[in-house]
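Visitor:
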Amino acid sequence: MLNSIRNFSKTIYAKILLFIVVIPFVFWGMGGVFNSGNTNSLVKINEENVSTQDFIKHITEQKFNQEVIRENIDNNIVEELLSELISKKILEMQIEELNIDISEKNLVNIIKKNPNFIDDNNNFSRLKYEKFLLSNNIDAPTFERRLKDRELQKNLFSYISGGVYSPSFLTKKTYEDETKKIEVKYVDLKEFYGSETEFTKEEINQYIENNKENLEQNYLNYSYVKLIPDILTGTNQFNQVFFDKIDEIENKILTGSKLDQIIGEYDLKKIDKKNISKIDKLSKIDEKILDNMEKNPIDIIDMNEFYLLYEINSKIKKLPNVNNDKFIQNIKNKIYQEKKYSYNLNLIKKISSNNFNDNDFNQIINSDQSKVKKIILNSSKDNKTFNIDSVKLIYSIPVKNFTLASDEKNNVYLIKVMGEIVDKSLATNEKIQNYKNLSTNNINQEVLTSYDFYLNQKYNIKINEQTLERVKNYFR
1 MLNSIRNFSK
11 TIYAKILLFI
21 VVIPFVFWGM
31 GGVFNSGNTN
41 SLVKINEENV
51 STQDFIKHIT
61 EQKFNQEVIR
71 ENIDNNIVEE
81 LLSELISKKI
91 LEMQIEELNI
101 DISEKNLVNI
111 IKKNPNFIDD
121 NNNFSRLKYE
131 KFLLSNNIDA
141 PTFERRLKDR
151 ELQKNLFSYI
161 SGGVYSPSFL
171 TKKTYEDETK
181 KIEVKYVDLK
191 EFYGSETEFT
201 KEEINQYIEN
211 NKENLEQNYL
221 NYSYVKLIPD
231 ILTGTNQFNQ
241 VFFDKIDEIE
251 NKILTGSKLD
261 QIIGEYDLKK
271 IDKKNISKID
281 KLSKIDEKIL
291 DNMEKNPIDI
301 IDMNEFYLLY
311 EINSKIKKLP
321 NVNNDKFIQN
331 IKNKIYQEKK
341 YSYNLNLIKK
351 ISSNNFNDND
361 FNQIINSDQS
371 KVKKIILNSS
381 KDNKTFNIDS
391 VKLIYSIPVK
401 NFTLASDEKN
411 NVYLIKVMGE
421 IVDKSLATNE
431 KIQNYKNLST
441 NNINQEVLTS
451 YDFYLNQKYN
461 IKINEQTLER
471 VKNYFR
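Pasting the structure below:
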């Protein structure tokens with residue numbers, strides 16, 4: 001909110017300058033971070049090198065914000081982006097090997113037939129084309145290169161799986177599999193996991209003892225100041241003078257000033273907080289600082305109604321007090337989830353090894369049939385009771401078999417498929433033909449899966465872990 005007001009107060013020329021100068025600097029500035037020679041090779045695919053410059057170019061083309069990468073560095077975002085680039089490079093190598101190409105004339109025709117570039121007279125409009133490029137902040141050569149890459153990939157996949165058609169018997173089978181009804185009986189496993197809250201002191205203490213490191217929390221000592229117009233400008237107006245003061249303080253932080261220096265210069269009063277952790281009852285300020293503690297030890301944050309200037313004085317990791325109710329409740333939840341996971345895992349193992357039968361089912365319910373429910377699934381898309389992935393699983397297993405399924409609330413059920421109902425009287429040729437594309441797509445998917453396996457065998461991929469770590473350290 002405040003940032004939007006603040007940004008609105010800037011001139012359009014400043015915004016243009018920021019885009020032209022700062023954005024390229026974010027990525028071009030990486031050039032000096034990496035040494036030349038072999039250390040600049042990030043990945044080797046057979047004998048072809050993928051350099052750090054290739055990777056940075058890939059990130060730039062994806063228009064990824066550096067801050068987004070920094071925030072997700074521990075969620076393997078760099079590895080995911082690198083995986084995308086490797087896949088792209090392998091496809092390029094395959095396209096080159098198979099001599100797949102597209103002429104400039106065909107590329108021009110594709111652009112001219114794009115509905116986005118057609119005027120009211122059904123003709124290609126260069127004005128619309130140029131407006132599209134401008135609005136997407138892309139020049140014509142880059143757009144046309146990307147379009148060509150996409151078309152080459154389409155041609156490659158067409159080369160691999162094109163011409164595949166589903167025979168009649170597979171089309172009919174697809175129709176029956178998709179439209180058949182399935183009778184199932186099921187039991188909710190929740191009541192067999194045991195209590196969610198009733199655990200002995202010995203169980204709780206034993207869990208804490210066995211998981212000390214994982215249960216430790218960050219405890220912060222920090223100081224903060226709420227920056228509002230009244231204390232910075234002597235008025236209650238969020239005007240340009242106030243935002244200029246905020247800019248000044250941000251610049252001081254960037255040049256290394258500490259909180260005490262800033263509050264001394266601006267005659268501010270700080271508030272000190274001690275031993276704050278996520279296990280405690282938190283204010284919005286506490287939550288914000290805890291969320292930002294890994295990013296910057298001192299920072300200024302827009303809190304909508306004011307700016308928050310804070311500095312983390314110290315941070316220690318320790319086990320919460322065992323008398324903390326929230327901590328103990330978390331322990332109980334973890335113990336319950338572990339019991340639930342263990343119970344489900346044992347069932348899955350028995351079912352997968354064909355060691356689960358009707359006797360086991362009856363033993364679980366203690367022969368109490370009132371715990372068992374029965375329903376009919378009307379199609380492979382019937383997700384009124386179970387989530388869609390579970391429905392697909394149920395439709396994939398034979399009659400009389402068992403499996404586990406879940407619903408949208410993550411409740412888990414033990415299921416037995418009792419029977420199938422296929423109404424062949426409805427299977428007219430016209431209806432069956434409607435499933436021809438689906439059947440063909442299924443075959444194509446199998447072909448592409450085999451092709452993926454083939455590529456994995458054909459290309460030897462070696463990642464330079466040291467160079468990858470340097471790339472990640474840059475974004476940190």
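Residue 77 in the working numbering sits at position 77 of the sequence shown, with consecutive numbering throughout. The C-beta atom is built at its ideal place from N, Cα and C for all residues, glycine as well. The structure displayed is predicted, hence computed values, not measured ones.
Below 8 Å between beta carbons: does that hold for N344 and L393?
Guide: For the purposes of this step, residue 344 is taken as residue 344 along the sequence shown, with counting starting at 1. For the purposes of this step, residue 393 is taken as residue 393 along the sequence shown, with counting starting at 1. No, these two residues do not count as a Cβ contact at 8 Å.
Visitor: Quick check on the DSSP output: the beta strand (DSSP E) that includes S367 runs from which residue to which?
Guide: By 1-based counting over the sequence shown, the position of residue 367 is 367. First-last for S367: undefined, no H or E at that position.
Visitor: Please report the residue range of the beta strand (DSSP E) in which D494 lies.
Guide: The structure shown does not extend to residue 494, since the chain spans only 1 to 476, so no value can be given for it.
Visitor: Which one of M293, I388, I77 has the shortest CA to CA distance from I312?
Guide: By 1-based counting over the sequence shown, the position of residue 312 is 312. I312 has its Cα closest to that of M293, out of M293, I388, I77.
Visitor: Taking the straight line between their C-alpha atoms, what separation do you get for K63 and N136?
Guide: Along the sequence shown, one-based indexing puts residue 63 at 63. Along the sequence shown, one-based indexing puts residue 136 at 136. Approximately 11 Å between the Cα atoms of the pair.
Visitor: In chain order, what are the residue ranges of uninterrupted beta strand (DSSP E) at least 3 long that sit wholly in the segment 250 to 333?
Guide: 271 to 276, 298 to 302, 307 to 318
Visitor: Would you list the one or two residues that DSSP bridges to L414?
Guide: Counted from its first residue, the sequence shown places residue 414 at position 414. Its beta-bridge partners are V187, L404.
Visitor: What separation, rounded to the nearest whole angstrom, lies between the Cα atoms of I182 and S450?
Guide: Residue numbering aside, residue 182 sits at position 182 when the sequence shown is read from its first letter. Residue numbering aside, residue 450 sits at position 450 when the sequence shown is read from its first letter. One C-alpha to the other measures close to 31 Å.
Visitor: Mind checking T235: buried by the 16 CB within 10 Å criterion, or exposed?
Guide: As a working mapping, residue 235 is identified with position 235 in the sequence shown. Looking at its Cβ environment, which holds fewer than 16 other Cβ atoms inside 10 Å, T235 is exposed.
Visitor: Which of helix, strand or coil does DSSP assign to N456?
Guide: The sequence position of residue 456 within the sequence shown is 456, counting from 1. N456: helix per DSSP, three-state reduction.
Visitor: What is the rounded straight-line gap between the Cα of E48 and the Cα of N323?
Guide: By 1-based counting over the sequence shown, the position of residue 48 is 48. By 1-based counting over the sequence shown, the position of residue 323 is 323. In a straight line, the C-alpha of E48 is about 60 Å away from that of N323.
Visitor: Do the segment 150 to 158 and the segment 90 to 100 meet, that is, are 3 or more Cβ pairs less than 8 Å apart?
Guide: yes
Visitor: Starting from K44, trace the beta strand (DSSP E) both ways and give me its first and last residue.
Guide: On the sequence shown, position 44 is the one that residue 44 refers to. Note, K44: beta strand (DSSP E), 41 to 45.
Visitor: By DSSP's criteria, E162 is part of a beta bridge. Which residues make up the other side?
Guide: Taking the sequence shown and counting its residues from 1, the one referred to as residue 162 is at position 162. Checking the sequence, you will find Gly at residue 162 rather than Glu. DSSP output for G162 lists no bridge partner at all.
Visitor: According to DSSP, which residues form a beta bridge with S390?
Guide: As a first step, residue 390 is located in the sequence shown; it is residue number 390 there, counting from the start. For S390, which the question treats as bridged, DSSP gives no partner whatsoever.
Visitor: According to the Cβ coordinates, are D119 and K105 closer than 8 Å?
Guide: Here residue 119 is taken as the residue at index 119 of the sequence shown, counted from 1. Here residue 105 is taken as the residue at index 105 of the sequence shown, counted from 1. No; because the gap between Cβ atoms is not below 8 Å, this pair is not in contact.
Visitor: Per DSSP, which residues does I421 bridge with? Please list them.
Guide: Stepping through the sequence shown from its first residue, residue 421 is reached at position 421. K181, per the DSSP bridge assignment.
Visitor: Quick one: Cα of F117 to Cα of K131, how far?
Guide: The residue you call residue 117 lines up with position 117 of the sequence shown. The residue you call residue 131 lines up with position 131 of the sequence shown. Cα-Cα distance, rounded: 9 Å.
Visitor: Determine, using beta-carbon pairs with one atom in the segment 192 to 208 and one in the segment 225 to 239, whether at least three such pairs fall under 8 Å.
Guide: At 8 Å Cβ cutoff, the stretches do not touch.
Visitor: Return the CA-CA distance between V399 and Y336, expressed in angstroms with no decimal places.
Guide: Numbered from 1 along the sequence shown, position 399 holds the residue referred to as residue 399. Numbered from 1 along the sequence shown, position 336 holds the residue referred to as residue 336. The alpha-carbon atoms of V399 and Y336 are separated by roughly 33 Å.
Visitor: Counting C-beta neighbours from all protein chains within 10 Å, is the total for S277 16 or more, i.e. buried, or is it exposed?
Guide: Position 277 of the sequence shown, counted from the start, is the residue given in the question as residue 277. The residue in question, S277, is buried, as its Cβ has 16 or more Cβ neighbours within 10 Å.
Visitor: Pairing CB atoms from the segment 278 to 292 with CB atoms from the segment 207 to 227, are three or more of them under 8 Å?
Guide: yes
Visitor: Exposed or buried, what is S353 when buried is set at 16 or more other beta-carbons lying within 10 Å of its beta-carbon?
Guide: Looking up residue 353 in the sequence shown gives position 353. Under this definition S353 is an exposed residue.
Visitor: Assign S314 to one of two classes, buried (16 or more other C-beta atoms within 10 Å of its C-beta) or exposed (fewer than that).
Guide: Against the sequence shown, residue 314 aligns to sequence position 314. Exposed.
Visitor: Roughly how many angstroms lie between the CA atoms of E191 and I56, to the nearest whole one?
Guide: As a working mapping, residue 191 is identified with position 191 in the sequence shown. As a working mapping, residue 56 is identified with position 56 in the sequence shown. In a straight line, the C-alpha of E191 is about 53 Å away from that of I56.
Visitor: Rounded to whole angstroms, what is the Cα-Cα separation between I461 and I77?
Guide: Taking the first residue of the sequence shown as 1, we reach residue 461 at position 461. Taking the first residue of the sequence shown as 1, we reach residue 77 at position 77. Straight-line Cα distance between these residues: approximately 19 Å.
Visitor: For S223, which residues does DSSP report across the bridge?
Guide: As a first step, residue 223 is located in the sequence shown; it is residue number 223 there, counting from the start. According to DSSP, S223 bridges with D272, E311.
Visitor: So K462 is in the beta strand (DSSP E); what residue range does that whole segment cover?
Guide: Locating residue 462 in the sequence shown gives position 462, counting from the first residue. Segment 461 to 463, the beta strand (DSSP E) holding K462.
Visitor: I'd like the ranges of any alpha helix (DSSP H) spanning at least 4 consecutive residues and lying wholly in the segment 79 to 112.
Guide: 104 to 112
Visitor: The beta strand (DSSP E) spanning E130 covers which residue range?
Guide: Position 130 of the sequence shown, counted from the start, is the residue given in the question as residue 130. Where E130 is concerned, there is no enclosing beta strand (DSSP E), although the alpha helix (DSSP H) it sits in stretches over 126 to 135.
Visitor: When the distance is taken between beta carbons, is L455 closer than 8 Å to I90?
Guide: For the purposes of this step, residue 90 is taken as the residue at position 90 of the sequence shown. For the purposes of this step, residue 455 is taken as the residue at position 455 of the sequence shown. Contact: yes.
Visitor: Considering only residues of the same chain and omitting the five flanking positions on each side of E61, which have a CB-CB separation below 7 Å?
Guide: Indexing the sequence shown from 1 puts residue 61 at position 61. Around E61: no qualifying Cβ.
Visitor: Mind checking P115: buried by the 16 CB within 10 Å criterion, or exposed?
Guide: Your numbering for residue 115 matches position 115 in the sequence shown. Residue environment: P115 is assigned as exposed (fewer than 16 neighbouring CB atoms within 10 Å of its CB, all protein chains considered).
Visitor: What residue range does the alpha helix (DSSP H) around E213 cover?
Guide: The residue labelled residue 213 in the question sits at position 213 within the sequence shown. First-last of the alpha helix (DSSP H) with E213: 212 to 215.
Visitor: Taking a contact to mean a Cβ-Cβ separation below 8 Å, would you say R70 touches F453 in this structure?
Guide: Taking the first residue of the sequence shown as position 1, residue 70 is located at position 70. Taking the first residue of the sequence shown as position 1, residue 453 is located at position 453. Not in contact: R70 and F453 (Cβ atoms no closer than 8 Å).
Visitor: Considering Cα atoms alone, identify which of S396, G194, I73 is closest to K340.
Guide: For the purposes of this step, residue 340 is taken as the residue at position 340 of the sequence shown. Among S396, G194, I73, the Cα nearest to that of K340 is on G194.
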